[in-house]
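Student: Quick one: structure below, then a few questions.
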Amino acid sequence: MALMFSSSRSSYEDNYTQARAATLAHLRRESLDVYNRLHSIAEDISFVETVRRTYPDLPILPNLRCGGWYVNPSLAHQDAAYFKSTDGHFNNWAFNLRRPNLHLLSIATQDSGFILVDSTRAGKRMPDALSKTVPIWCAVINRAVKKAFEKPSTWDEGLYCPPGSVSPQECSQIESRLDDWATSLLGSSYTLLNLPYPLRPLWITPSTSIFPSLPTPSEGSFLPIVCVSASKQIQEGLERRSSGFSYVQGSGDDHELWGEGLTPEIFWENKEVLLRADRTELSDVVKRLIGRQGIRPPIDWNVPPTPIERVGGRLLICSTSNVPCDFPIHVPGVEGRVSYVVVSEHGVPLPVDRKDILALELPSGKKGQIHFLQHVLPEAIPFIKKSLADDANLDGGSTGMRVNKQSIAKRLQWIISSRPEANPSRATLKRVNEYLLTPPDLRRRISGGHNTDRIADQREDL
Numbered sequence: 001m002a003l004m005f006s007s008s009r010s011s012y013e014d015n016y017t018q019a020r021a022a023t024l025a026h027l028r029r030e031s032l033d034v035y036n037r038l039h040s041i042a043e044d045i046s047f048v049e050t051v052r053r054t055y056p057d058l059p060i061l062p063n064l065r066c067g068g069w070y071v072n073p074s075l076a077h078q079d080a081a082y083f084k085s086t087d088g089h090f091n092n093w094a095f096n097l098r099r100p101n102l103h104l105l106s107i108a109t110q111d112s113g114f115i116l117v118d119s120t121r122a123g124k125r126m127p128d129a130l131s132k133t134v135p136i137w138c139a140v141i142n143r144a145v146k147k148a149f150e151k152p153s154t155w156d157e158g159l160y161c162p163p164g165s166v167s168p169q170e171c172s173q174i175e176s177r178l179d180d181w182a183t184s185l186l187g188s189s190y191t192l193l194n195l196p197y198p199l200r201p202l203w204i205t206p207s208t209s210i211f212p213s214l215p216t217p218s219e220g221s222f223l224p225i226v227c228v229s230a231s232k233q234i235q236e237g238l239e240r241r242s243s244g245f246s247y248v249q250g251s252g253d254d255h256e257l258w259g260e261g262l263t264p265e266i267f268w269e270n271k272e273v274l275l276r277a278d279r280t281e282l283s284d285v286v287k288r289l290i291g292r293q294g295i296r297p298p299i300d301w302n303v304p305p306t307p308i309e310r311v312g313g314r315l316l317i318c319s320t321s322n323v324p325c326d327f328p329i330h331v332p333g334v335e336g337r338v339s340y341v342v343v344s345e346h347g348v349p350l351p352v353d354r355k356d357i358l359a360l361e362l363p364s365g366k367k368g369q370i371h372f373l374q375h376v377l378p379e380a381i382p383f384i385k386k387s388l389a390d391d392a393n394l395d396g397g398s399t400g401m402r403v404n405k406q407s408i409a410k411r412l413q414w415i416i417s418s419r420p421e422a423n424p425s426r427a428t429l430k431r432v433n434e435y436l437l438t439p440p441d442l443r444r445r446i447s448g449g450h451n452t453d454r455i456a457d458q459r460e461d462l
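Per UniProt numbering, residue 1 is the first one in the sequence shown, and the count goes up by one each step.
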């Protein structure tokens with residue numbers, strides 16, 4: 001008897017595979033559809049508003065970037081939070097000194113806590129930023145404050161994580177690292193605020209049936225950090241609504257992939273127009289609204305630049321979109337003339353014949369990192385030194401000063417202390433380390449070969 005086997009798949013298997021691929025492609029198109037995204041965000045905004053009205057005495061803050069889609073800027077606190085989910089990912093837990101969020105402590109103290117809004121995509125109830133990064137932040141701050149200000153033994157320095165999202169084993173692993181992080185914070189250049197009570201995170205999601213009760217200021221047990229995950233948990237990430245759109249969980253996340261140029265700022269400025277638009281006309285509406293942005297620079301300082309306090313305000317930082325069109329030589333609150341280093345992706349209109357302005361273009365992506373190392377830093381640093389020396393009769397700095405990884409990190413902490421929203425990428429910081437720590441000849445050979453990451457990693461270990 002002979003047995004025969006066929007290597008070809010059955011028509012049933014082929015049909016199943018094709019149908020599954022078509023379904024996944026449809027789900028992806030639906031999830032990236034700007035109409036679905038904006039209406040999903042609007043649905044989540046209603047829930048966030050319910051939370052805000054429940055705790056009317058607490059300020060509400062978005063956790064950027066995603067949280068900015070869900071919090072009305074006219075109702076939000078002027079400051080935002082910068083907690084990243086990557087600092088809470090499994091086995092990557094960190095209290096990141098590049099994102100210490102210490103500016104939030106004065107808000108929590110003054111207002112007896114605050115509401116923090118974020119969201120996450122399909123498959124999770126809340127983002128790691130809320131379930132782990134914020135709990136780590138609270139526990140580390142509490143331990144550092146206890147050490148720095150000799151709080152009593154009853155001062156709560158425990159780690160609080162949502163039981164349904166973080167296992168006891170993971171909590172135990174995180175807890176074993178808290179003291180080291182607190183020691184690092186106390187050894188940094190940051191100034192720690194003396195808290196009246198410990199911080200404690202609480203969590204609310206759309207599935208929460210009973211919102212947590214909060215202590216009154218007179219009770220004085222803890223300062224609540226109310227973490228709100230704005231989106232409903234949908235297992236497949238999509239859920240059809242009778243009003244004509246598919247609900248997408250965590251729609252505000254990664255808006256570069258679906259937003260067609262929209263940002264949270266443009267959305268909130270034109271929310272009603274966008275939500276009234278028909279699906280077929282929405283893309284044209286978006287293009288028109290984006291086209292209005294940046295047509296003309298402001299004629300005055302809408303948002304003044306931030307002086308870096310640790311250098312006496314001699315250096316100031318701002319967004320290029322906030323600089324008045326004539327690049328004034330005087331800035332409110334700053335004595336003497338100012339010079340400008342303008343770094344942008346595509347260039348900005350500049351006044352002619354101004355030697356006090358250095359304009360540098362910085363492409364995006366990996367090409368931009370090489371350009372940053374080879375052109376932006378070598379041109380910007382001498383210009384800044386010369387401008388400071390010319391204006392204040394300074395000597396341009398001591399060439400005998402030792403620059404190392406620790407001194408660079410300290411200067412970054414000075415910047416973040418004054419401007420918390422300054423959040424340079426790890427790749428950018430590598431390039432700065434490489435420029436300052438690598439001899440010029442070696443730096444040129446390495447960058448010419450585009451092999452910058454290896455050398456930067458080696459220099460970081462010095």
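All C-beta atoms in this analysis are idealised placements derived from N, C-alpha and C, irrespective of residue type, glycine included.
Taking Ser85 as the reference, which of Cys66, Leu315, Glu265 has the closest Cα?
Tutor: Mapped onto the sequence shown, residue 85 falls at position 85. Closest by alpha carbon: Cys66.
Student: Find out if the Cβ-Cβ distance for the pair Leu362, Val343 is shorter than 7 Å.
Tutor: Taking the first residue of the sequence shown as position 1, residue 362 is located at position 362. Taking the first residue of the sequence shown as position 1, residue 343 is located at position 343. The answer is yes: Cβ separation under 7 Å.
Student: Which word fits Glu281, buried or exposed, when buried means at least 16 other C-beta atoms lie within 10 angstroms of its C-beta?
Tutor: As a working mapping, residue 281 is identified with position 281 in the sequence shown. Glu281 is exposed by the Cβ-count criterion.
Student: Taking the alpha helix (DSSP H) that Ile290 belongs to, which residues open and close that run?
Tutor: Mapped onto the sequence shown, residue 290 falls at position 290. Note, Ile290: alpha helix (DSSP H), 282 to 292.
Student: Can you tell me the Cβ-Cβ gap for Ser131 and Pro162, rounded? I've got them flagged as a contact below 8 Å.
Tutor: Residue mapping note: residue 131 aligns to position 131 of the sequence shown, counting from 1. Residue mapping note: residue 162 aligns to position 162 of the sequence shown, counting from 1. That pair is a contact at about 5 Å.
Student: For Leu61, collect the residues of the same chain with a Cβ closer than 8 Å to its Cβ; drop the 5 residues on either side in sequence, then sort them by chain order.
Tutor: On the sequence shown, residue 61 is found 61 positions in, with the first residue counted as 1. Correct list, in chain order: Gly67, Val71, Ala76, His77, Asp79, Ala80, Ala81, Leu104, Ile107, Phe114, Ile115, Leu116, Val117.
Student: Which whole-angstrom value is the C-beta distance of Val341 and Leu360, which I expect to be below 8 Å?
Tutor: As a working mapping, residue 341 is identified with position 341 in the sequence shown. As a working mapping, residue 360 is identified with position 360 in the sequence shown. About 7 Å; that satisfies the 8 Å criterion.
Student: Whole-angstrom Cβ separation of Leu202 and Ile225, contact assumed at under 8 Å?
Tutor: In the sequence shown, the residue the question calls residue 202 occupies position 202. In the sequence shown, the residue the question calls residue 225 occupies position 225. Correct: roughly 7 Å between the Cβ atoms.
Student: Near Asn36, what residues of its chain come up, given a Cβ to Cβ distance below 7 Å and the 5 sequence neighbours on each side ignored?
Tutor: Within the sequence shown, residue 36 is the residue found at index 36, counting from 1. Cβ neighbours of Asn36 beyond the five flanking positions: Glu30, Phe245, Ser246, Val248.
Student: Between Val338, Asn302, Asp128, which lies nearest to residue 473 when the distance is taken from Cα to Cα?
Tutor: The displayed coordinates of the chain run from 1 to 462. Any statement about residue 473 would go beyond what the structure contains.
Student: Rounded C-beta distance between Pro264 and Trp69? I'm assuming under 8 Å.
Tutor: As a first step, residue 264 is located in the sequence shown; it is residue number 264 there, counting from the start. As a first step, residue 69 is located in the sequence shown; it is residue number 69 there, counting from the start. That pair is a contact at about 5 Å.
Student: Output the distance between the C-alpha atoms of Ala144 and Leu186, rounded to the nearest integer angstrom.
Tutor: Here residue 144 refers to the residue found at position 144 of the sequence shown. Here residue 186 refers to the residue found at position 186 of the sequence shown. When rounded, the distance between both Cα atoms is 6 Å.
Student: If we count the other Cβ atoms within 10 Å of its Cβ and call it buried at 16 or more, is Lys287 buried or exposed?
Tutor: To locate residue 287, count along the sequence shown from 1; it is residue 287. With fewer than 16 other Cβ atoms from the protein chains shown falling within 10 Å of its own Cβ, Lys287 counts as exposed.
Student: Rounded to whole angstroms, how far is the Cβ of Phe383 from the Cβ of Arg431, which I believe are closer than 8 Å?
Tutor: Your numbering for residue 383 matches position 383 in the sequence shown. Your numbering for residue 431 matches position 431 in the sequence shown. Actually they are not in contact, since the Cβ atoms of Phe383 and Arg431 sit about 18 Å apart, beyond 8 Å.
Student: Can you tell me which of Pro298, Lys271, Gln293 puts its alpha carbon nearest to the alpha carbon of Ile45?
Tutor: For the purposes of this step, residue 45 is taken as the residue at position 45 of the sequence shown. Measuring from the Cα of Ile45, the nearest candidate turns out to be Lys271.
Student: Would you kindly report the start and end of the unbroken beta strand (DSSP E) that includes Glu239?
Tutor: Working through the sequence shown from its first residue, we reach residue 239 at position 239. Per DSSP, Glu239 is one residue of the beta strand (DSSP E) stretching across 238 to 240.
Student: Got a sec? Which residues, its chain only, sit under 6 Å from Ser251 by beta carbon, not counting five neighbours each side?
Tutor: Translated into the one-based positions of the sequence shown, residue 251 becomes position 251. Residues Arg37, Ser40, Ile41 of the same chain have their beta carbon placed closer than 6 Å to that of Ser251, with the five preceding and five following residues left out of the count.
Student: When you compare the region 178 to 194 with the region 205 to 222, are there three or more beta-carbon pairs, one atom per stretch, that lie closer than 8 Å?
Tutor: With the rule of 3 Cβ pairs closer than 8 Å, the region 178 to 194 does not count as touching the region 205 to 222.
Student: Please identify the residue among Thr438, Ala230, Ser172, Lys405 whose C-alpha is closest to the C-alpha of residue 490.
Tutor: The question about residue 490 has no answer, for the chain in this structure spans 1 to 462.
Student: Run through the DSSP bridge pairs and tell me what Arg200 is partnered with.
Tutor: Locating residue 200 in the sequence shown gives position 200, counting from the first residue. In the DSSP output, where bridge partners are listed per residue, Arg200 has Pro224.
Student: What is the rounded straight-line gap between the Cα of Asp87 and the Cα of Asn63?
Tutor: Reading the sequence shown from its first residue, position 87 is the one you call residue 87. Reading the sequence shown from its first residue, position 63 is the one you call residue 63. If you take the alpha carbons of Asp87 and Asn63, they lie about 14 Å apart.
Student: So, using beta-carbon positions, are Trp268 and Val34 closer together than 7 Å?
Tutor: By 1-based counting over the sequence shown, the position of residue 268 is 268. By 1-based counting over the sequence shown, the position of residue 34 is 34. No, these two residues do not count as a Cβ contact at 7 Å.
Student: In this structure, how does DSSP classify Gly347 when only helix, strand and coil are distinguished?
Tutor: Reading the sequence shown from its first residue, position 347 is the one you call residue 347. Coil, per DSSP.
Student: Taking only three categories from DSSP, how would you classify Glu361?
Tutor: The count along the sequence shown starts at 1 and reaches residue 361 at position 361. Assigned with DSSP and collapsed to three states, Glu361 falls in strand.
Student: Helix or strand or just coil, what does DSSP make of Val334?
Tutor: Walking along the sequence shown from the start, residue 334 turns up at place 334. Note: Val334 maps to coil in three-state DSSP.
Student: By how many angstroms is the C-alpha of Thr306 removed from the C-alpha of Ala122?
Tutor: Numbered from 1 along the sequence shown, position 122 holds the residue referred to as residue 122. Numbered from 1 along the sequence shown, position 306 holds the residue referred to as residue 306. If you take the alpha carbons of Ala122 and Thr306, they lie about 38 Å apart.
Student: Label Ala389 either buried or exposed according to how many other C-beta atoms from any shown protein chain fall within 10 Å of its C-beta, with 16 as the threshold for buried.
Tutor: To locate residue 389, count along the sequence shown from 1; it is residue 389. By the neighbour-count rule (16 or more Cβ atoms within 10 Å), Ala389 is not buried but exposed.
Student: Can you name, in chain order, every residue of its own chain whose Cβ lies under 8 Å from the Cβ of Leu32, other than the five neighbours on each side?
Tutor: Position 32 of the sequence shown, counted from the first residue, corresponds to residue 32. Closer than 8 Å at the Cβ level, and outside the excluded window around Leu32, lie Leu257, Trp258.
Student: Under a three-way DSSP split, which group does Ile54 fall into?
Tutor: In the sequence shown, counting from the first residue as 1, residue 54 sits at position 54. The question names Ile, but residue 54 is Thr in the sequence shown. In this structure, Thr54 counts as helix in the three-state DSSP scheme.
Student: Spatial neighbours of Leu102 within its chain, please: C-beta separation below 6 Å, excluding the five flanking residues on both sides.
Tutor: Taking the sequence shown and counting its residues from 1, one reaches residue 102 at position 102. A distance below 6 Å between beta-carbons, with the five flanking residues on each side excluded, links Leu102 to the following residues of its chain, in chain order: Tyr190.
Student: Which parts of the region 396 to 430 are runs of the beta strand (DSSP E), unbroken and 3 residues or longer, counting only runs that do not cross its ends?
Tutor: none
Student: Skipping 5 residues on each side, what residues in its chain have a beta carbon closer than 7 Å to that of Gln458?
Tutor: Here residue 458 refers to the residue found at position 458 of the sequence shown. Interpretation of Gln458 is limited by its pLDDT of 39, a score under 50 that renders its predicted location unreliable; no figure is taken from the coordinates.
Student: Can you tell me whether His255 is buried or exposed? The criterion is at least 16 other CB atoms within 10 Å of its CB, across all chains shown.
Tutor: Residue 255 sits at position 255 when you count from the first residue of the sequence shown. Buried, since its Cβ has 16 or more Cβ neighbours within 10 Å.
Student: Can you check which of these residues, Leu437, Val48, Pro424, Arg310, is closest to Cys227 by C-alpha distance?
Tutor: Reading the sequence shown from its first residue, position 227 is the one you call residue 227. Residue Val48 is the option with its Cα nearest to Cys227.
Student: Give the DSSP-derived three-state secondary structure of Leu116 in the structure shown.
Tutor: Sequence index remark: in the sequence shown, residue 116 carries index 116 (1-based). Three-state DSSP puts Leu116 in a strand.
Student: Where does the unbroken alpha helix (DSSP H) through Ser131 begin, and where does it stop?
Tutor: Numbered from its first residue, the sequence shown carries residue 131 at position 131. Run containing Ser131: none; DSSP gives neither H nor E here.
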